[in-house]
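Trainee: Numbering (full-length UniProt numbering), first residue to last: 1 to 489.
The beta-carbon is built from N, C-alpha and C at its ideal position, and this holds for glycine as well.
If you're wondering where the values come from, they're calculated on a predicted model, not measured in any experiment.
1) Pick helix, strand or coil for residue 356, following the three-state DSSP scheme.
2) What do you get for residue 93, buried or exposed, if any count of 16 or more other CB atoms within 10 angstroms of its CB means buried?
3) Please list the terminal residues of the continuous beta strand (DSSP E) segment that includes residue 382.
4) Nearest-angstrom Cα distance between residue 63 and residue 110?
5) Please report the Cβ distance between residue 105 and residue 38, rounded to the nearest whole angstrom; I am assuming they are in contact, meaning their Cβ atoms lie under 8 Å.
6) Thinking C-beta only, is residue 98 closer than 8 Å to residue 116?
7) In terms of alpha-carbon separation, which member of 123, 34, 18, 22 lies closest to residue 504?
8) Do you know offhand how far residue 95's Cα is from residue 68's?
9) Taking the alpha carbon of residue 361 as the reference point, which residue from 380, 208, 204 has its own alpha carbon closest?
10) Please name the residue in 387, 260, 298 whose C-alpha comes closest to that of residue 4.
11) Would you kindly report the start and end of the unbroken beta strand (DSSP E) that includes residue 441?
12) Taking the beta carbon of residue 159 as the centre, do at least 16 other beta carbons fall within 10 Å, making it buried, or is it exposed?
13) Please list the terminal residues of the continuous beta strand (DSSP E) segment that includes residue 219.
14) Would you grab the beta carbon distance between residue 203 and residue 124 for me? Rounded to a whole angstrom, and I think it's under 8 Å.
15) At which residue ranges does the region 136-208 contain complete beta strand (DSSP E) runs of 3 or more residues, listed in the order of the chain?
16) Which same chain residues, not among the five before or five after residue 213, have their C-beta less than 8 Å away from its C-beta?
17) Nearest to residue 291 by alpha carbon, out of 273, 319, 271, 269?
18) Going by DSSP, what residues sit across from residue 89 in a beta bridge?
19) Could you tell me whether the region 416-424 touches the region 442-458, where touching means 3 or more Cβ pairs closer than 8 Å?
20) Measure the CB-CB distance between residue 72 and residue 206 and report whether it falls below 8 Å.
21) On a Cα-Cα basis, can you pick out the residue from 65, 42, 143, 155 that is closest to residue 49?
22) If you reduce the DSSP assignment to three classes, tell me which class residue 523 lands in.
23) Could you pull the start and end residues of the alpha helix (DSSP H) that residue 417 belongs to?
24) Could you check where the beta strand (DSSP E) with residue 249 kicks off and where it finishes?
25) Measure the alpha-carbon distance for residue 283 versus residue 119 and round it to whole angstroms.
26) Alpha carbon to alpha carbon, what distance is there between residue 404 and residue 333?
27) Give every residue of the same chain whose Cβ lies closer than 7 Å to the Cβ of residue 414, excluding the five residues on either side of it in the sequence, and list them in chain order.
28) Buried or exposed for residue 171, please, with buried defined as at least 16 other CB atoms from any protein chain shown within 10 angstroms of its CB.
29) What number of angstroms, rounded off, separates the C-alpha of residue 137 from the C-alpha of residue 365?
30) Report the three-state DSSP secondary structure of residue 324 (helix, strand or coil).
31) Using a Cβ-Cβ cut-off of 8 Å (strictly less than) and excluding sequence neighbours within five positions of residue 479, which residues of its own chain qualify?
32) Suppose contacts are defined by Cβ-Cβ distances below 8 Å. Is residue 249 in contact with residue 188 by that definition?
33) Anyone know if the C-beta pair for residue 307 and residue 323 falls short of 8 Å?
34) For residue 396, is the classification buried or exposed, using 16 other Cβ atoms within 10 angstroms of its Cβ as the cut-off for buried?
35) Does DSSP put residue 478 in a helix, in a strand, or in coil?
36) Put residue 450 into one of helix, strand or coil per three-state DSSP.
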């Protein structure tokens with residue numbers, strides 16, 4: 001596996017692409033004016049308790065109030081989190097000051113999701129001040145290495161003469177590190193948490209106490225794992241800042257940093273801009289000639305697999321099998337690229353051979369195993385659909401870069417000119433009965449007026465005779481294709 005991380009920085013936004021063997025796998029975008037909130041810690045105030053939902057709304061100073069469920073409340077001195085069956089009123093009340101951390105960015109009309117179980121991260125460790133749990137990332141599956149890391153952490157805590165309070169998780173990046181690196185992270189986290197605690201005690205209103213690193217810094221901290229060959233940054237200022245950051249906290253990554261100074265834009269050179277545009281479309285082509293149709297809705301994402309122009313060389317079953325295999329690998333990449341989460345339903349082409357179905361399922365499992373976001377494939381439903389879930393913590397690429405169409409208002413379709421003409425006829429009938437006037441003027445878009453003058457001209461003449469009034473037509477070039485007005489003259 002050969003990975004590259006490409007970082008494109010402008011004053012307005014930072015974009016990061018993870019490229020694996022020439023194929024774009026992940027795209028992260030952070031805009032200066034609207035940085036993501038996940039990981040931020042706030043002093044907040046409970047503004048409303050909802051006993052029926054076992055939840056509360058918390059004002060953290062953001063545009064929309066955040067949401068906390070009773071199971072997101074950490075119980076000090078207990079077994080950790082509150083139980084979903086507990087009463088929310090036992091833990092919070094309106095006006096109560098709370099220190100919370102964002103776990104999910106605001107999505108659509110929903111505010112951020114928050115928790116009182118706080119944590120701060122460094123390169124190799126996550127520190128949880130309210131917990132005593134010590135764990136190792138599930139991505140590290142070697143039992144001997146897990147034991148070594150836990151002992152290393154214990155040695156580091158003892159060497160730094162740190163208090164016993166607080167829990168830790170050793171991150172995936174900690175695999176293979178030594179005592180010096182762990183001790184450096186422990187010192188960093190101790191200083192960081194002390195500063196956050198001081199701010200929290202002084203806070204008298206909703207305010208930000210701690211913000212995670214900027215995107216290009218987080219990228220190096222979280223994604224510079226073994227297998228990454230280089231990190232290209234096209235901004236000299238950001239390259240210098242990253243070099244300084246890595247020299248202090250991640251010296252082993254410093255050699256991977258490269259400043260890109262070419263004339264051609266970095267994302268153009270590596271085909272990322274083209275990938276970005278493709279990731280906003282519904283249709284994704286496959287090399288064989290087949291294609292995927294991806295539809296994102298508020299409730300779920302549906303993916304339909306089609307053979308398209310691929311006819312195969314032997315028989316239909318082989319054609320379907322090969323298309324489904326290719327689609328399984330492609331859809332796993334598209335889910336990461338588009339950052340699609342929640343419930344995902346995949347409609348593979350029906351296969352008669354049971355072994356073919358198993359192989360497609362295994363291929364999808366294998367492709368999704370490389371996805372860093374937690375996911376689960378629940379198997380094939382009674383209708384032959386594959387059901388999946390993928391953890392959603394931030395807005396999808398479409399939600400981040402797009403807005404609802406001002407013409408169709410997010411429906412994705414428009415009424416035909418024929419449909420609008422018949423709506424106009426019905427409206428003329430209503431107005432003719434209701435008002436005493438000689439002429440009605442129709443104001444509509446060019447396409448609608450053209451149809452009224454051509455295909456529907458006989459119907460317009462018949463309608464004039466029926467209502468006993470003249471009908472005049474006028475083009476309104478700025479009109480929405482579906483909008484029209486009837487003016488009484």
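Mentor: Per the coordinate set shown:
1) Locating residue 356 in the chain shown gives position 356, counting from the first residue. In this structure, residue 356 counts as helix in the three-state DSSP scheme.
2) Locating residue 93 in the chain shown gives position 93, where the first residue counts as 1. Residue 93 comes out exposed.
3) By one-based count along the chain shown, residue 382 stands at place 382. Unbroken run through residue 382: none, as it is neither H nor E.
4) Taking the first residue of the chain shown as position 1, residue 63 is located at position 63. Taking the first residue of the chain shown as position 1, residue 110 is located at position 110. Going from the Cα of residue 63 to the Cα of residue 110 covers about 11 Å.
5) Within the chain shown, residue 105 is the residue found at index 105, counting from 1. Within the chain shown, residue 38 is the residue found at index 38, counting from 1. Yes, residue 105 and residue 38 are in contact; Cβ-Cβ is about 6 Å, under 8 Å.
6) Counting from one through the chain shown, the residue named residue 116 turns up at place 116. Counting from one through the chain shown, the residue named residue 98 turns up at place 98. Yes; because the gap between Cβ atoms is below 8 Å, this pair is in contact.
7) Missing from the structure shown is residue 504; the chain here goes from 1 to 489 and no further.
8) To locate residue 95, count along the chain shown from 1; it is residue 95. To locate residue 68, count along the chain shown from 1; it is residue 68. Going from the Cα of residue 95 to the Cα of residue 68 covers about 15 Å.
9) Within the chain shown, residue 361 is the residue found at index 361, counting from 1. Among 380, 208, 204, the Cα nearest to that of residue 361 belongs to 380.
10) Against the chain shown, residue 4 aligns to sequence position 4. The option with the nearest alpha carbon to residue 4 is 260.
11) The residue you call residue 441 lines up with position 441 of the chain shown. Residues 439-444.
12) Numbered from 1 along the chain shown, position 159 holds the residue referred to as residue 159. It is exposed - the Cβ of residue 159 has fewer than 16 other Cβ atoms within 10 Å.
13) Numbered from its first residue, the chain shown carries residue 219 at position 219. Looking at the DSSP string, residue 219 is not in any beta strand (DSSP E); the run it does join, the alpha helix (DSSP H), is 215-223.
14) In the chain shown, residue 203 corresponds to position 203, counting from 1. In the chain shown, residue 124 corresponds to position 124, counting from 1. Actually they do not touch by this definition, with Cβ atoms about 30 Å apart.
15) 167-170
16) Taking the chain shown and counting its residues from 1, the one referred to as residue 213 is at position 213. Here the set comprises 221.
17) Against the chain shown, residue 291 aligns to sequence position 291. The candidate whose alpha carbon is nearest that of residue 291 is 319.
18) Counted from its first residue, the chain shown places residue 89 at position 89. None; residue 89 has no bridge partner.
19) yes
20) Within the chain shown, numbered from 1, the residue matching residue 72 stands at position 72. Within the chain shown, numbered from 1, the residue matching residue 206 stands at position 206. Against a cut-off of 8 Å, the Cβ pair of residue 206 and residue 72 comes out as no contact.
21) Position 49 of the chain shown, counting from 1, holds the residue named residue 49. Comparing Cα-Cα distances from residue 49 to each of 65, 42, 143, 155, the minimum goes to 65.
22) For the chain, the structure presents residues 1 to 489; residue 523 sits outside this window and is missing.
23) Residue 417 sits at position 417 when you count from the first residue of the chain shown. 417-434 is the span of the alpha helix (DSSP H), which, as asked, contains residue 417.
24) Locating residue 249 in the chain shown gives position 249, where the first residue counts as 1. Per DSSP, residue 249 belongs to no beta strand (DSSP E); it is in the alpha helix (DSSP H), 236-249.
25) As a position in the chain shown, residue 283 is number 283, starting the count at 1. As a position in the chain shown, residue 119 is number 119, starting the count at 1. If I take the Cα positions, the gap works out to 40 Å.
26) One-based indexing of the chain shown puts residue 333 at position 333. One-based indexing of the chain shown puts residue 404 at position 404. Roughly 25 Å between the two C-alpha positions.
27) Taking the chain shown and counting its residues from 1, the one referred to as residue 414 is at position 414. Only 407, 408, 481, 482 meet the Cβ criterion.
28) The sequence position of residue 171 within the chain shown is 171, counting from 1. Residue 171 should be labelled buried.
29) Here the question's residue 137 lines up with position 137 in the chain shown. Here the question's residue 365 lines up with position 365 in the chain shown. So the two alpha carbons sit approximately 20 Å from each other.
30) As a first step, residue 324 is located in the chain shown; it is residue number 324 there, counting from the start. Looking at residue 324 - three-state DSSP - the assignment turns out to be helix.
31) In the chain shown, the residue the question calls residue 479 occupies position 479. These residues qualify, in order along the chain: 443, 444, 445.
32) Working through the chain shown from its first residue, we reach residue 249 at position 249. Working through the chain shown from its first residue, we reach residue 188 at position 188. Yes.
33) Reading the chain shown from its first residue, position 307 is the one you call residue 307. Reading the chain shown from its first residue, position 323 is the one you call residue 323. The answer is yes: Cβ separation under 8 Å.
34) Translated into positions along the chain shown, residue 396 becomes position 396. Answer is buried; the Cβ neighbour count reaches 16.
35) Here residue 478 corresponds to residue number 478 of the chain shown, with the count starting at 1. Reduced to three states, the DSSP call for residue 478 is coil.
36) Position 450 of the chain shown, counting from 1, holds the residue named residue 450. Note: residue 450 maps to helix in three-state DSSP.
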